[in-house]
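Trainee:
Protein chains in written order, with the numbering used here: chain A, 689 to 782; chain B, 77 to 327; chain C, 526 to 843.
#1: Name, in chain order, the residues that DSSP records as bridge partners for residue 777/C.
#2: By DSSP, does residue 743/A sit in helix, in strand, or in coil?
#3: Rounded to whole angstroms, what is the Cα-Cα separation between residue 689/A and residue 622/C?
#4: Check the DSSP bridge columns for residue 672/C and list the partner residues they point to.
#5: Per DSSP, residue 759/A is paired with what?
#6: Roughly how many whole angstroms lie between the Cα atoms of residue 136/B and residue 714/A?
#7: Using the Cβ count rule (16 or more neighbours within 10 Å means buried), how would you classify residue 795/C?
#8: For residue 562/C, count neighbouring Cβ atoms within 10 angstroms of its own Cβ and tell me buried if that reaches 16, exposed if not.
#9: Checking the sheet assignment: what are the DSSP bridge partners for residue 214/B?
#10: According to DSSP, is residue 695/A part of a helix, a strand, or is it coil?
#11: Would you kindly check if the distance between the Cβ of residue 707/C and the Cβ of residue 699/C is under 9 Å?
#12: When you compare only the Cα positions, how much space is there between residue 699/A and residue 710/A?
#13: With a floor of 4 residues, list each alpha helix (DSSP H) that falls wholly inside the segment 110-187 of chain B, ordered by position along the chain.
#14: Would residue 176/B and residue 215/B qualify as a contact pair, given that the criterion is a beta-carbon distance under 9 Å?
#15: Would you kindly report the start and end of the unbroken alpha helix (DSSP H) that includes residue 795/C?
#16: Could you check whether residue 810/C and residue 608/C sit closer than 9 Å to each other, using their CB atoms as the reference points?
#17: In the DSSP assignment, what are the bridge partners of residue 700/A?
#18: What's the C-alpha gap between residue 294/B and residue 570/C?
#19: Which residue or residues does DSSP assign as beta-bridge partners of residue 715/A?
#20: Under 9 Å, Cβ to Cβ, is there at least one residue of chain C near residue 746/A?
#21: By Cβ distance, which residues of its chain are closer than 7 Å to residue 568/C, with the 5 residues on each side in sequence left out?
#22: Chain B beta carbons: is any one of them nearer than 9 Å to that of residue 878/C?
#23: Roughly how many angstroms separate the alpha carbons of residue 678/C and residue 668/C, rounded to a whole number?
#24: Please classify residue 626/C: does DSSP put it in a helix, a strand, or coil?
#25: Quick check on residue 298/B: buried or exposed, where buried means 16 or more other Cβ atoms within 10 Å of its Cβ?
#26: May I have the straight-line CA-CA distance separating residue 277/B from residue 166/B, to the nearest angstrom?
#27: Restricting to Cα atoms, I'd like to know which of 254/B, 306/B, 218/B is closest to residue 281/B.
#28: With DSSP collapsed to three states, give me the class of residue 192/B.
#29: Assign residue 758/A to one of two classes, buried (16 or more other C-beta atoms within 10 Å of its C-beta) or exposed (fewer than that).
#30: Measuring alpha carbon to alpha carbon, tell me which residue in 190/B, 126/B, 105/B, 78/B is nearest residue 270/B.
#31: Three or more beta-carbon pairs under 8 Å between the segment 258-275 of chain B and the segment 219-229 of chain B, yes or no?
#32: What beta strand (DSSP E) runs, 3 residues minimum, are completely inside the segment 566-599 of chain C?
#33: Leaving aside the five residues before and after residue 658/C along the sequence, list all residues of the same chain whose C-beta is less than 7 Å from its C-beta, in chain order.
#34: Rank 601/C, 710/C, 605/C, 663/C by C-alpha distance to the C-alpha of residue 650/C and give the top, closest one.
#35: For residue 740/A, would you say it is in contact with chain C, using Cβ-to-Cβ distances shorter than 9 Å as the test?
#36: Figure out for me which residue from 549/C, 693/C, 626/C, 664/C has the closest Cα to the Cα of residue 755/A.
Take a look at the structure:
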């Protein structure tokens, strides 16, 4: 089992001006191969102009068990959103 | 230049793409893993795409009412002008990669010249194909290194393929009469001028891959004259099966 | 965790799914959910890569260059779809190699339709039209299934698959309006692939063991029988249009139900093929095992090379 190709995550920029987006994963022996495989697997239909690959084990992910303390405190900070503030009707856009 | 000569010249270039594409497409579904399977099929698709462009052009030049498929499927073996290298079988992955590598390096050098052809169509096809073939060369060079400098077993296997296929490399630089006519008119590429660069590039990659060049002094030839290896008949039997069994039908 | 705590978690979990919220890899999930998903997603992935074989059988013999490249691209897509699905499965904590092992040892199943042989070119048309047609009916609802990675993989699969069925139908249409020989070839293929395609949508509801749970988890949106009816209703007019005859003497439009009535399916044959007695079960599996075993030295070489390069880089850094 030890010789299996590791898993990589693939991020593709579909066109300039857009961010790289997670497209999926694949197996590759090294970074160059991961890039080539990503090109062959995920951009066969002209989906990309730039690719990032990162070995999956290097990604640190937050734990859903902590999502309460991580994300819920942001829920009631309504003053961070423009709709929190009242404007006179005459001002249509601000 | 007569159309007939130009057609012959085009087939000389295109038949290599057809036959190598056919060989690669035998592997679809049988690769060492999914990623590599997909990559090999991509190369097959590139080559068959190029084949179609060349044959469509040749069909257009022909006096008879021909199609790309007539040219691809309805010639007899002696009329196919591909080099012996590309018809060699997929003995194992080492052979697949070595055959590809030996052809890719040549193919890219050829296209880089062909893009300057005075024939606009050929020049345009070459320009498009250069991008595809640059990637092929990168892919096969990388794999030559992986196999050569990988494990003991892979080294031995790819060295075996190099030893076996080396004798087919010289034919890439032979010139036929049709070639000469095309070269004189600035339409075709004088492949002799590519030879030095070719062996230099091959040597560099093989060295990095810790592989040795076999000491072979006698090279095989014949494909360009339509004298093929015994493998070719079987390849054509597959390729032509439908068109031969059911003549004159639309598919 | 106490049993009560688990029960509580399960309840929250089921509510989440009922609200159409997605489950993501690191979220808590009942073990049965994980196992069911591993089973279904891997079965799906296996079907894609075993499905490459019957069609791959005709790539080198495709009758025209246009057909050849289309078929190559289609079979290649199936490799891609297998890859997306294995990746989705891997997020559940099982490796692709383990999944292969389950396939190769016969522990895992794949769609049994791929155990039928492709003996003429028209079979390639029939597979695209009927088998991909049935697959699409199965797959479209999965784009909104509850497990995030599976749903995302399915979105990609469905998008790419849209040309597959057209490719098949176009082949059939061309044959049907070709020479008498070609038309006969098309009809023969339809005769052989029709019933296995109906079976592909799964055993009847009365026989199906997983339906209820799968409905709850949105692994299924409609029952097998509903899907089968939908497939028949959509396919019969397509056959009529190109002048081919569905090989079912009992097939009849039913004004009252607004659906086609159809004849009895030979479920004995279905279960025999599932159990390994189809015409090509053995060939399919040995082709897969052979490719995997013959590729081992290649995969090992790439890893050894990667390690050597990494070591060299480290040495340089020191």
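Each residue gets a CB set at the ideal place from its N, CA and C atoms; glycine is no exception.
Mentor: This is what the structure holds:
#1: 786/C
#2: strand
#3: Here residue 689/A scores only 47 on pLDDT, less than 50, and its place in the model is too uncertain to base an answer on.
#4: 548/C
#5: Answer is none; residue 759/A lacks a bridge partner.
#6: 43 Å
#7: buried
#8: buried
#9: DSSP, once it has assigned bridges, lists no residue as partnering residue 214/B.
#10: strand
#11: yes
#12: 4 Å
#13: 110-137, 144-149, 160-163
#14: yes
#15: 792-797
#16: no
#17: 709/A, 739/A
#18: 49 Å
#19: 695/A
#20: no
#21: 633, 634, 635
#22: This structure cannot speak to residue 878/C, because chain C is shown only from 526 to 843.
#23: 8 Å
#24: helix
#25: exposed
#26: 24 Å
#27: 218/B
#28: coil
#29: exposed
#30: 190/B
#31: no
#32: none
#33: 690, 756, 760
#34: 710/C
#35: no
#36: 549/C
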